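Just so you know, the sequence shown maps onto residues 29 to 245 in the numbering used here.
For every residue, glycine included, the Cβ atom is placed at its ideal position computed from N, Cα and C.
These numbers come from a predicted model, not from an experiment.
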Amino acid sequence: MIKIAPSLLAADFCNMEQGVRMMERAGADYLHCDIMDGVFVPNISFGFQMISRLNEITDIPLDVHLMIVQPERYIERFAEAGSDLITVHAEATDHLQRVLKQISQCGKKPGVVLNPATPLEVLKYVLDDVDMILLMSVNPGYGGQAFIPAVLEKVADLRRMIDASGKKIDIEVDGGVDLSNCMQLREAGATVLVAGNAVFSAKDPERTVRELRGEAE
Ligand code: DX5
Ligand code: ZN
């Protein structure tokens, strides 16, 4: 069954707890937390303090997406703050395999993120080191952008690559995911869908989480 990871970037920052409780009622599988440093991406979001408060108030696992340069500088701190999964961009570090090991040594699940134009080849030699691969379906930095359709083929290619390896690795997709493309993403082989605006701007966010998962109402 597909997992849904609502992105808190689209929640009301002054009513974050309300957003979290809503996602608990909706049965969200992860809370997707977008960490932006204003350097790797042209935007700044939130940091450790937010992760550690979220960790205190909810049992939903925290899926922490680091959009920061040289993520190796901050892995321990994000781990201590209460992240469950930590994903780092292949484009943001010269030592991808080392960072992935650093994450698992902290007792957290490691994942790699690829921007839309980054080829899958960079994953070939780190498949042993990841629990999840996150394919961006927008250029990271902002919520509410349009889904890039070429990523559907990339998801299918990655599905084949993972199946051929015999490993159990989740494929997460992030950016512009909504009710119009979630079915195609599932069919292409995605197992975790991030959704920000599609969930938090919906009339009924809880129902939208279930619809994204393909559950009949
Ligand atoms: C983009 C972030 C996404 C974003 C998704 O840089 O990584 O997680 O919050 O938001 P939507 O679903 O609105 O595109
Ligand atoms: Zn994200």
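Alpha carbon of residue i to alpha carbon of residue j, nearest angstrom
{"i": "E243", "j": "G55", "result": "12 Å"}
{"i": "K14", "j": "R105", "result": "Coverage of the chain is limited to positions 29 through 245, which leaves residue 14 absent and any answer about it impossible."}
{"i": "P138", "j": "K231", "result": "34 Å"}
{"i": "I197", "j": "P144", "result": "19 Å"}
{"i": "V205", "j": "L59", "result": "15 Å"}
{"i": "E200", "j": "A120", "result": "18 Å"}
{"i": "I30", "j": "S193", "result": "21 Å"}
{"i": "G110", "j": "L124", "result": "22 Å"}
{"i": "C61", "j": "D40", "result": "13 Å"}
{"i": "A226", "j": "L240", "result": "9 Å"}
{"i": "I85", "j": "V127", "result": "28 Å"}
{"i": "A218", "j": "N43", "result": "30 Å"}
{"i": "V158", "j": "S229", "result": "32 Å"}
{"i": "I176", "j": "Q212", "result": "13 Å"}
{"i": "L148", "j": "V179", "result": "11 Å"}
Three-state class that DSSP yields for residue i in the structure shown
{"i": "M189", "result": "helix"}
{"i": "I85", "result": "helix"}
{"i": "T115", "result": "strand"}
{"i": "I13", "result": "Because the chain is modelled from 29 through 245, residue 13 falls outside the range shown and cannot be assessed."}
{"i": "M95", "result": "strand"}
{"i": "M29", "result": "coil"}
Beta-bridge pairing of residue i - partner residues as DSSP gives them
{"i": "S35", "result": "H60"}
{"i": "L163", "result": "L142 and V201"}
{"i": "D40", "result": "Paired residue(s): none; D40 is not in a bridge."}
{"i": "L90", "result": "L59"}
{"i": "D65", "result": "I72"}
Along the chain, which unbroken stretches of the beta strand (DSSP E) at least 3 residues long are found entirely within the segment 171-224?
Unbroken beta strand (DSSP E) runs of no fewer than 3 residues, entirely contained in the segment 171-224, are found at 198-202 and 220-223, following chain order.
At 3 residues or longer, what runs of the beta strand (DSSP E) sit wholly inside the segment 101-161?
If only uninterrupted beta strand (DSSP E) runs of at least 3 residues are considered, those enclosed by the segment 101-161 are 113-117 and 137-142.
Any residue with its Cβ nearer than 6 Å to a heavy atom of ligand 2 should be included. What is that list in chain order?
Qualifying residues, in the order they occur: S35, H60, D62, H93, D202 and V222.
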